[in-house]
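Numbers given in our numbering equal positions in the sequence shown, counted from 1, plus 573. Heads up, the beta-carbon is just placed ideally off N, CA and C, and yes, glycines get one too. Everything below concerns the one structure shown next.
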Amino acid sequence: MMGIAGLLGGGCLTGCAPSEPTLIVSNPSDWDRTNEMVEFSYPEMVAQYDWMAEGFRIQDEAGQEIPYQRLANQQVIFPVSLKAHGKAVYKVMPGTPAPVQPVACGKHYPERLDDIAWENDKSGYRAYGPALQRTGEKAYGYDILVKNVTEPVLEQRYALELNKEARAQIAAWYKAGEKAKADSLARAISYHIDHGNGMDCYNVGPTLGGGTSALWVDSAIVYPYCYESYEIIDNGPLRFTVRLTFPPTTLKGDTAVVETRVITLDAGSHLNRTEVTYEHLSQPTEVVAGIVLHPENPDGYRYDQAKRYLAYADSTNNTQAGNGLIYVGVVFADTLQEACVDKGHVLGFSTYKPGTTFCYYWGSGWSKAGVPTMEAWCDYLTHYARCLAQPLQLNIK
574 MMGIAGLLGG
584 GCLTGCAPSE
594 PTLIVSNPSD
604 WDRTNEMVEF
614 SYPEMVAQYD
624 WMAEGFRIQD
634 EAGQEIPYQR
644 LANQQVIFPV
654 SLKAHGKAVY
664 KVMPGTPAPV
674 QPVACGKHYP
684 ERLDDIAWEN
694 DKSGYRAYGP
704 ALQRTGEKAY
714 GYDILVKNVT
724 EPVLEQRYAL
734 ELNKEARAQI
744 AAWYKAGEKA
754 KADSLARAIS
764 YHIDHGNGMD
774 CYNVGPTLGG
784 GTSALWVDSA
794 IVYPYCYESY
804 EIIDNGPLRF
814 TVRLTFPPTT
824 LKGDTAVVET
834 RVITLDAGSH
844 LNRTEVTYEH
854 LSQPTEVVAG
864 IVLHPENPDG
874 YRYDQAKRYL
884 AYADSTNNTQ
894 AGNGLIYVGV
904 VFADTLQEAC
914 VDKGHVLGFS
924 TYKPGTTFCY
934 YWGSGWSKAG
944 VPTMEAWCDY
954 LTHYARCLAQ
964 PLQLNIK
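Printed below as a string of structure tokens:
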């Protein structure tokens, strides 16, 4: 959700506004911007243009309709691409917008131990829930579900993986000693096998996985466990947002410290924006965001404190299967105070102050889906951090 600019206004008070507003988006930076979300306030617009309450469309200068999404917080987002120091003009007009196919979306899967899984056109992700925690399995961090198609695929993958009839047939064949048949069907429905659109080939376990944050106390990671409750706030077509709340814990004398994360993934972005708060934490505490370093590629990491990013080339959980490389990254919204390798992770450090929000970005790319090298991945992370510092500007006339 980088590139979001505030509503700047157009200098005309209510009563002298034209019948249809014009949105002027400017790029203040020396580099091109691609598919960044810009937003405006729906209530403020309707207050000036009451007809918008009946429905509206957004068109660019060529007359092409632009997709948009009205969010739960009453903002409206739409994607913009601009050349360096470029400008684009959009018209808002009455009408029913064309249907938009979902790009960023997600779902709760109680049938798979309370997974929350979400995706966009670049990658998919998973956070683990209370049913998994009750099994005793330790999976603390975010999972990465690689994909090489732009349409949503995770719901289909879960449906195959959890198909009851297929699972019953597999069990029956194993019981009858027909191992070859059972193995073949198991592979055909497994989301750990690439059937043409990607797979789950990333290991999390008792680690921070693909970019999770955690408090750092007494030179140790205070690992979060699985979320306790969730709320899906926005569910496509252009943005997915979920709030995860974690069980209370005792920390440095503070009882009932509750962590909350608001995770947002936009169409077109490799990174999730994540806002983290710790209720009932009474004193400033170090916080880290990290990426687990797997033994298959222990030295495949990079970090740049000045450019505010961490990066890692993960060799996947089966280096002999030809599954490519998963590029994992973290970008800090503000200062990256320190970066290092410790506790089996590449870690970035910040300080959480009570009553504030720790904001950072994390996500992934795949060598089989548009991110060919570690150099390309680090360039993307560098570019992303630069764009955060110079958001696109919106003026409404």
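With DSSP as the reference, label residue i as helix, strand or coil.
{"i": "Trp604", "result": "coil"}
{"i": "Gln637", "result": "coil"}
{"i": "Leu718", "result": "strand"}
{"i": "Ser592", "result": "coil"}
{"i": "His956", "result": "helix"}
{"i": "Asp623", "result": "helix"}
{"i": "Lys731", "result": "As written in the sequence, residue 731 is Tyr, which differs from the Lys given in the question. DSSP places Tyr731 in helix when its eight states are reduced to three."}
{"i": "Leu961", "result": "helix"}
{"i": "Pro652", "result": "strand"}
{"i": "Ala840", "result": "coil"}
{"i": "Arg881", "result": "coil"}
Evaluate residue i with the Cβ neighbour count: other Cβ atoms within 10 Å of its Cβ, from every protein chain shown; 16 or more gives buried, anything less gives exposed.
{"i": "Gln637", "result": "exposed"}
{"i": "Ala749", "result": "exposed"}
{"i": "Trp939", "result": "buried"}
{"i": "Ser802", "result": "exposed"}
{"i": "Gln893", "result": "exposed"}
{"i": "Ala962", "result": "exposed"}
{"i": "Ser937", "result": "buried"}
{"i": "Ser696", "result": "buried"}
{"i": "Ser602", "result": "buried"}
{"i": "Ser842", "result": "buried"}
{"i": "Gly826", "result": "exposed"}
{"i": "Asn646", "result": "exposed"}
Rounded to whole angstroms, what's the CA-CA distance from residue i to residue j? Just pull it up for me.
{"i": "Glu831", "j": "Met772", "result": "Sequence inspection shows Val at residue 831; the Glu mentioned does not correspond to that position. Whole-angstrom Cα-Cα distance: 33 Å."}
{"i": "Ala755", "j": "Trp746", "result": "5 Å"}
{"i": "Asp687", "j": "Arg707", "result": "11 Å"}
{"i": "Leu920", "j": "Thr669", "result": "47 Å"}
{"i": "Leu967", "j": "Thr822", "result": "42 Å"}
{"i": "Ser592", "j": "Ile650", "result": "21 Å"}
{"i": "Thr955", "j": "Asn845", "result": "15 Å"}
{"i": "Pro927", "j": "Arg760", "result": "48 Å"}
{"i": "Asp633", "j": "Val676", "result": "21 Å"}
{"i": "His867", "j": "Met947", "result": "16 Å"}
{"i": "Thr587", "j": "Gln621", "result": "Residue confidence is low: Thr587 scores 41 on pLDDT, short of 50, so the model does not pin down where it sits. Its coordinate-derived value is still stated next. Each residue's Cα considered, the two are about 6 Å apart."}
{"i": "Glu724", "j": "Pro810", "result": "11 Å"}
{"i": "Pro779", "j": "Val904", "result": "22 Å"}
{"i": "Gly679", "j": "Glu804", "result": "11 Å"}
{"i": "Tyr775", "j": "Phe813", "result": "22 Å"}
{"i": "Trp950", "j": "Gly897", "result": "14 Å"}
Please name the residue, chosen from the options, that lies closest to residue i on a Cα-to-Cα basis.
{"i": "Lys941", "options": "Lys720, Lys656, Gln648 and Glu684", "result": "Lys720"}
{"i": "Ile762", "options": "Ala732, His658 and Leu781", "result": "Ala732"}
{"i": "Gly902", "options": "Gly782, Gly841 and Gln742", "result": "Gly782"}
{"i": "Arg834", "options": "Pro616, Thr889 and Gly714", "result": "Gly714"}
{"i": "Thr828", "options": "Arg685, Thr818, Thr847 and Ser855", "result": "Ser855"}
{"i": "Gln681", "options": "Val673, Val662, Gly702 and Met666", "result": "What sits at residue 681 in the sequence shown is His, not Gln. Here the closest residue by C-alpha is Gly702."}
{"i": "Gln910", "options": "Asn896, Asp887, Tyr885 and Lys880", "result": "Lys880"}
{"i": "Ala886", "options": "Gly895, Ile689, Ile864 and Asp877", "result": "Ile864"}
{"i": "Phe922", "options": "Ala958, Gly895, Cys951 and Leu883", "result": "Leu883"}
{"i": "Ala635", "options": "Ala661, Tyr641 and Leu758", "result": "Ala661"}
{"i": "Val860", "options": "Ser614, Ala741, Val598 and Tyr796", "result": "Tyr796"}
{"i": "His918", "options": "Tyr851, Gln742, Ala626 and Gly784", "result": "Gly784"}
Return the chain-ordered ranges of every beta strand (DSSP E) run that is complete within the region 892–952 and spans a minimum of 3 residues.
Listed in chain order, the complete beta strand (DSSP E) runs (minimum 3 residues) inside the region 892–952 are 899–905, 911–915, 918–925 and 931–939.
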